[in-house]
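One structure is given below, encoded as structure tokens.
Right under this line is the structure:
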């Protein structure tokens, strides 16, 4: 499959102006949301909720303008790819009343503030009314698409265009069917020891910044800050904001940072010619997550990567790492163990956390699960999938920010990202001679260039299935990921034939 | 004089919604500008300029909407004060063609870039064409208000509504007639020594935060950050962002911080009922500056204030302050010396810097001074007012950013603020028994409460002249300031009868 390339240079200036305005409003939304999570004093929440609702309403008004539709009709001949993607946004937005869009935005901001409070109280009851409101609004959103086979489909479509709940259910069945036995085999092996000692946060931040720089972070176009829930934002193509949460008892903040830099590289790597066309960002959350997961896991948890970085880590953390050799280090950062917190989960259990959330939000949206019953349902599934007991809401249903902001239909994209990351990794290994050796020398440029060429530069010009096809030579397929996990953890845990 | 109070509760909901939207866009502009100066990586500049231009255009479009005018007509009977202020914004915006507004915005951006280049070259000639363009556009702006007695009046009106060039000229003649002789008398005294030693920045920041907290800063609604040019922003009434620039060789950053907290207290102290009416912020730049100057100078450079704070400073800066007693400290922070740079000027010379700029921009707008002749005119006035020789453009006409961005008519508000600060201080001393003693105990709450009652809570409900009349019992009058400066510096420099 081959599609014509496109850079917006043939667009009618009136269309360019309208698309540019949409881009600006998106950048403003990114800015306000980033500030809300990283900088804003708590007292700013009400005014910020109002400001976000207004920007979202203005964005919506402009996206649904009939004049935009007419200009996009005219552009279909000269810039078909741009017109196609922009028209899709236009058509979807026209289905949703402006009043509902604004209500969702407002409820999301308020829900986030309520979630923070509920986390302080460690009490889901504080948060429940806000969640109920978000679910109710999500259902109203889904009702705007009566042709959908399932009310979850239009919600998922916001994050992973062209994928349905039925496809996700099938994909997740294949994953679960393979991951649960792999986890069982690992569980039969002796438990692995993590590090005996701490990692002072200031030193983690320093080495984290060095690693980020080797990936492509540069201070002229990037920032690194702390956030309760690490995320990346892009208020501009050359204004990339990554965050992490460092913890002196583990290296989780370093991996979270690599993850977020992976997201940032995608936004930063889009063809600048697409910058003001509304196509100048990542095409879907699943593709986005493939980038973050590839850097976090396929690179960041590999033996090759730490061949270069472990000596540098030893300089920073001599007390903890003095007697830890490369094999022991790689084993320690790849411990598989069912735990309570998704963002701290290992590569094997991670997708099970996602599947749990998918099943619960599917039930919430269907109405077969009441929000008040969510903590119990959460605990039951944690026991069933991972065999662990949930001690409290903070370690259970209150751990993720998404639902607080009305982000429903998002979780599956994390697992889609894992699957695609392994496919891309396999393709990169085929295309880049000596990739592993380069990484072992600390050289990440060839991989970044390959990802930019195959994924980043296209922005939203190709649909997710088109992009996956072009980059990997086939459709989304869990085989590469299951093979990778089987081989890696088979070796690490001495399991044969997994 | 007494005016009915007003809180927006009787407004038509359609008007409330339109005004609330304008408030949100203003908050967004505050947010984007704050981030640009405090957080944004350099690469973000192009996208930020686009985003700011779009928000500014949307704000303008909504402000001039005829529907807003009609709703304000209807509101004149039920909420006369709110309707009056909002109508004024609407009417002024409608008088200026969108084409001119856009041209001024573009010329301002280009002028700023040219000014930066001219500063690098230390050559006014680089900047002169951009300044000429800004002056020409300012004149075209003034022509939109043909009823004005002087073309400077509509320019000044943007920053200090209801004040005219004729009034400023009269005020400044009285100031100059008193300040130049006072400065001459001080110049006859032996030069005063500043501190022998440094003030480490981390400790300045700590004590600065403590001082700010005693003024009313609280972490739930405020932030303190570093900025090259200190400023305050308010993306929400309970989201106050102050900045400072600490310098280890002086205490200038502490005074800048008190100055910015003064601005922040004004925004934070507006009646919450006005929050979504477009009247929920400071009424003019002169009144705003009265708040910052009052805290910076009338409080922050007083003997009473340091009676409480000097012992705390000694703990932080033992090497520098061990042998500095209260009298010596107060002398050192109140040194009067004619210098080249406005932002470093003391209380006596500051207004002379402002008067110089006012006279020059008045002549530029009138056309009696050509932009090419500006450096010579600047040097002549510096010699005449302050007795100093201007060595180059960087230390002269290129020092301030304002003109580069087309901000013409702004400078007088600095001196108006100084004048009003002294009037408010005199009124506060009359109203608050034991004010000086309270400050000497570190208690600033009574002063803050008085300012909130007399100034802050009104927002833009009263016009600047109405507010000054209500708060001080009379119109703007330099007598209080001249008396204050004469008494303070007469005592500090041992000058009798000044």
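Chains as they are written, first to last, in this note's numbering: chain G, 1 to 498; chain Y, 1001 to 1498. Ideal Cβ placement from N, Cα and C applies to all residues, glycine included. All values reported here derive from a predicted model rather than from experimental measurement.
Touch check for the stretch 1265-1283 of chain Y and the stretch 1387-1397 of chain Y: three-plus C-beta pairs under 8 Å?
-> Cβ pair count under 8 Å is below three, so no.
Where does the unbroken beta strand (DSSP E) through residue 504 (chain G) begin, and where does it stop?
-> This structure does not reach residue 504 (chain G), given that chain G is present from 1 up to 498, and the question cannot be answered.
Use the C-beta contact count for residue 1518 (chain Y): other C-beta atoms within 10 angstroms, 16 or more gives buried, fewer gives exposed.
-> Residue 1518 (chain Y) falls outside the range modelled here, since chain Y spans only 1001 to 1498, and no answer is possible.
List the residues of chain Y whose Cβ lies closer than 7 Å to the Cβ of residue 222 (chain G), in chain order.
-> 1041
Go through the stretch 423-452 of chain G residue by residue and report every complete run of the beta strand (DSSP E) that reaches 3 residues or more, in order.
-> none
Any beta-carbon of chain G closer than 7 Å to the one on residue 1007 (chain Y)?
-> Cβ-Cβ to chain G under 7 Å: no for residue 1007 (chain Y).
May I have the straight-line CA-CA distance separating residue 1373 (chain Y) from residue 1143 (chain Y), to the nearest angstrom?
-> 24 Å
Residues near residue 216 (chain G) by beta carbon distance below 6 Å, same chain, minus five either side = 265, 448
Give, in chain order, every residue of the stretch 1028-1058 of chain Y whose Cβ lies closer than 9 Å to some Cβ of chain G.
-> 1028, 1031, 1032, 1034, 1035, 1038, 1039, 1040, 1041, 1042, 1043, 1044, 1045, 1046, 1047, 1048, 1050, 1051, 1052, 1053, 1054, 1055, 1057, 1058
Proximal residues to residue 1040 (chain Y) (C-beta, below 8 Å), its chain only, five neighbours per side dropped = 1048
Cβ pair residue 260 (chain G), residue 283 (chain G) closer than 7 Å = No, the Cβ-Cβ distance between residue 260 (chain G) and residue 283 (chain G) is not below 7 Å.
Are residue 15 (chain G) and residue 53 (chain G) closer than 7 Å when you measure CB to CB?
-> no
Exposure of residue 3 (chain G), with buried meaning 16 or more beta-carbon neighbours within 10 Å = In this predicted model, residue 3 (chain G) has a pLDDT of only 48, less than 50, meaning its place in the structure is not dependable; the value taken from the coordinates is given anyway. When all chains shown are included, residue 3 (chain G) counts as exposed.
Can you list, in chain order, the residues of its chain whose CB lies under 7 Å from that of residue 1428 (chain Y), leaving out five sequence neighbours each side?
-> 1435, 1447, 1450
Give the secondary structure of residue 1489 (chain Y) by DSSP, where H, G and I count as helix, E and B as strand, and everything else as coil.
-> helix
Return the bridge partner residues of residue 241 (chain G) from the DSSP annotation.
-> G:223, G:233
Is residue 1481 (chain Y) close to chain G, meaning its C-beta is less than 7 Å from at least one C-beta of that chain?
-> no
Cβ-based contacts, 7 Å cut-off: residues of the stretch 1215-1239 of chain Y near chain G = 1219, 1220, 1221, 1222, 1223, 1235, 1236, 1237, 1238, 1239
Contact list for residue 1188 (chain Y) against chain G, beta-carbon separation under 7 Å = Within 7 Å Cβ-Cβ: nothing; residue 1188 (chain Y) doesn't reach chain G, min ~50 Å.
Any non-hydrogen atom of the ligand ZN within 6 Å of residue 254 (chain G) CB = Annotation note on the ligand ZN: not contained in the displayed structure, which lists no ligands.
Hey, does residue 361 (chain G) have any beta-carbon neighbour from chain Y nearer than 7 Å?
-> It does not; no Cβ of chain Y falls within 7 Å.
Please state if the CB of residue 1354 (chain Y) and the CB of residue 1414 (chain Y) are separated by a distance shorter than 7 Å.
-> yes
Do you know offhand how far residue 418 (chain G)'s Cα is from residue 292 (chain G)'s?
-> Taking the straight line from one Cα to the other gives about 9 Å.
Determine the chain Y residues that contact residue 434 (chain G) at a beta-carbon separation under 7 Å, and present them in chain order.
-> Here the premise fails: no neighbours, minimum Cβ distance about 32 Å.
Span of the alpha helix (DSSP H) holding residue 1359 (chain Y)?
-> In the DSSP annotation of this structure, the continuous segment of the alpha helix (DSSP H) that includes residue 1359 (chain Y) starts and ends at 1347-1366.
What does residue 503 (chain G) reach in chain Y if we use C-beta pairs closer than 9 Å?
-> The displayed coordinates of chain G run from 1 to 498. Any statement about residue 503 (chain G) would go beyond what the structure contains.
How big is the Cα-Cα spacing for residue 1333 (chain Y) and residue 125 (chain G)?
-> 55 Å
Complete alpha helix (DSSP H) runs within the stretch 78-149 of chain G (minimum length 4 residues, chain order) | 80-95, 98-121, 124-143
Three-state class that DSSP yields for residue 1249 (chain Y) in the structure shown | coil
Pick out whichever of Y:1090, Y:1177, Y:1145, Y:1017 has its Cα sitting closest to the Cα of residue 1069 (chain Y).
-> Y:1090
Determine whether the Cβ of residue 17 (chain G) lies closer than 7 Å to any Cβ atom of chain Y.
-> no
Any C-beta of chain G sitting closer than 7 Å to the C-beta of residue 1021 (chain Y)?
-> yes
Alpha carbon to alpha carbon, how far is residue 1032 (chain Y) from residue 1013 (chain Y)? Give it in angstroms, no decimals.
-> 28 Å
Could you give the DSSP three-state label for residue 275 (chain G): helix, strand or coil?
-> coil
Among G:459, G:489, G:424, G:492, nearest to residue 478 (chain G) - alpha-carbon criterion | The residue with the shortest Cα to Cα distance from residue 478 (chain G) is G:424.
Where does residue 410 (chain G) sit, in a helix, a strand or coil, going by DSSP?
-> In the structure shown, the three-state DSSP call for residue 410 (chain G) is coil.
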